[in-house]
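Residue numbers (UniProt numbering): 1 to 238.
We put the beta carbon where it would ideally sit given N, CA and C, even for glycine.
Every value quoted in this text rests on a predicted model; they were computed, and no experiment measured them.
One structure is given below, encoded as structure tokens.
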């Protein structure tokens, strides 16, 4: 059983799962970001051949999270597909249809999938307003008011351990924002010290590094004390 991390924003209680999902128990809602399904086959069209199993692996991880938490609503925060149309195999398309059964599904449109296949279950929207929270793909550059949940930037962070430094995807949070890690199997990451992320948290915040069965939390310093470390575009190892 994984250890969830509680998070309180705008008077609401959320839970962060080490699998990379955000849970809103009061709304029976689960959100994940940046699945990038069929990224492997997209690489293949450009002559970069990688094992074509990323969609199956991603959907299997999603299925296990849904089985564990049993939400009634599922929100995809954009870039669910690596390109505007899906190249899912028949087996993967069937797996997606099965896990969608009994769920109310909302697909947010992302920069990689501004249009979605018409036969997908659920509704496609640009932005989802839910109570005090706004769910969107790309985070607002300057969030002057309101509260948001977003993806797009694939945050990652490093943490020192006895075996050396470990870099993993992470959530980044503040009093008015939650930035989700990328959920897809073939997604790289952007260091939280990079200006693209650091500017979203000028007063700092908190990072939750994904572990196998738990989250590892540490404070994120204000932007002036952070140094950018660059973008990792390669496929993750492990």
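Round the Cβ separation of residue 59 and residue 96 to the nearest angstrom and send it over; I've been treating them as touching at under 8 Å. 6 Å
Short Cβ contact (8 Å threshold) for residue 178 with residue 204: no
For residue 29, I'd like the list of residues in its chain whose CB is within less than 8 Å of its CB, leaving aside the five on either flank, ordered along the chain. 23, 71, 72, 73, 74, 75 and 130
Sorted by chain position, which residues of the same chain lie with C-beta nearer than 6 Å to residue 152's C-beta, five sequence neighbours on each side aside? 137 and 138
With a cut-off of 8 Å on the beta carbons, I'd call residue 17 and residue 184 a contact; round off their distance for me. No, residue 17 and residue 184 are not in contact; Cβ-Cβ is about 16 Å, not under 8 Å.
Residue 32 classed as buried or exposed, judged by whether at least 16 other C-beta atoms fall within 10 angstroms: buried
Indicate the three-state DSSP secondary structure (helix, strand or coil) for residue 132 in the structure shown. coil
From the DSSP secondary-structure annotation, give me the bridge partner or partners of residue 147. 133
Taking Cβ positions, are residue 199 and residue 154 nearer each other than 8 Å? no
With a CB to CB cut of under 6 Å and the five nearest residues on each side skipped, what residues in its chain are close to residue 103? 74
Please report the straight-line C-alpha distance between residue 120 and residue 101, rounded to a whole angstrom. 12 Å
Keeping to the same chain, check which residues put their C-beta closer than 8 Å to that of residue 176; ignore five residues upstream and five downstream. 9, 10, 143, 146, 147 and 148
C-beta atoms of residue 123 and residue 79 nearer than 8 Å: no
Which whole-angstrom value is the C-beta distance of residue 150 and residue 77, which I expect to be below 8 Å? 7 Å
By alpha-carbon positions, which one of 168, 34, 3 and 218 ends up nearest to residue 68? 3
Residue 191, enclosing beta strand (DSSP E) - first and last residue: 189 to 191
Taking the alpha-carbon positions, what's the residue 169 to residue 118 distance? 31 Å
Where do the ends of the beta strand (DSSP E) carrying residue 55 lie? It is not in any beta strand (DSSP E) - residue 55 instead sits in the alpha helix (DSSP H) that spans 54 to 69.
Step through the CB atoms of chain C and report whether any lies within less than 8 Å of the CB of residue 5. In the displayed structure, chain C is absent; only one protein chain is listed.
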